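Using our numbering, the first residue of the sequence shown is number 4, and each one after it goes up by one.
Structure first, commentary second.
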Amino acid sequence: GATVRYCILVTNPGTLAANDVYVTDTLPSSLTYLAGTARSGTTCAAATTVEDDNATGIDEADPIGISFSGTTLTGHAASLASGASFAMIFNALVN
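Right, dumping it as structure tokens:
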């Protein structure tokens, strides 16, 4: 199967900061997440921070956490300023 790359861009369009932001996305059954490929950043092109697939913690280099459970991606940001964005990218295998 081919490998595809996903980017999910989350933006706060509001006038105030958004706190405790969670984003979830479920992969279709035709795709399998490739472990270790999750990256985060402020844009899709700048999403180069390696995520360790287990959300946030002292091992994360940025305030964005990404985790996978089965086919569900969860992204978390403790705070997202007005107009700010964060991107989550990962690779998946076409089954």
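The C-beta atom is built at its ideal place from N, Cα and C for all residues, glycine as well.
It should be emphasised that the depicted structure is a prediction, and the values quoted were computed from it without experimental measurement.
* To do: Assuming residue 96 and residue 30 form a contact by the criterion Cβ under 8 Å, report the distance between their Cβ atoms to the nearest whole angstrom.
  => With 8 Å as the limit, residue 96 and residue 30 do not qualify as a contact, their Cβ atoms being about 10 Å apart.
* In chain order, what residues of the same chain lie with their CB nearer than 7 Å to the CB of residue 43, ignoring the 5 residues before and after it? -> Closer than 7 Å at Cβ, skipping near neighbours: 50, 52, 54, 65, 67, 69, 89, 90, 91.
* **Between the CA atoms of residue 22 and residue 45 - distance to the nearest angstrom** => 17 Å
* To do: Evaluate residue 84 with the Cβ neighbour count: other Cβ atoms within 10 Å of its Cβ, from every protein chain shown; 16 or more gives buried, anything less gives exposed.
  => exposed
* **Alpha-carbon spacing of residue 134 relative to residue 37, whole angstroms** => No answer is possible for residue 134: it lies beyond the span of the chain, which begins at 4 and ends at 98.
* Asked: Is the beta carbon of residue 9 sitting closer than 8 Å to the one on residue 77?
  -> no
* List the endpoints of the continuous beta strand (DSSP E) containing residue 43. => 42 to 44
* **Per DSSP, the bridge partner or partners of residue 80** => Residue pairing by DSSP places residue 80 opposite 24, 67 in a beta bridge.
* residue 94 and residue 13 closer than 8 Å at C-beta -> No, Cβ-Cβ distance for residue 94 and residue 13 is not below 8 Å.
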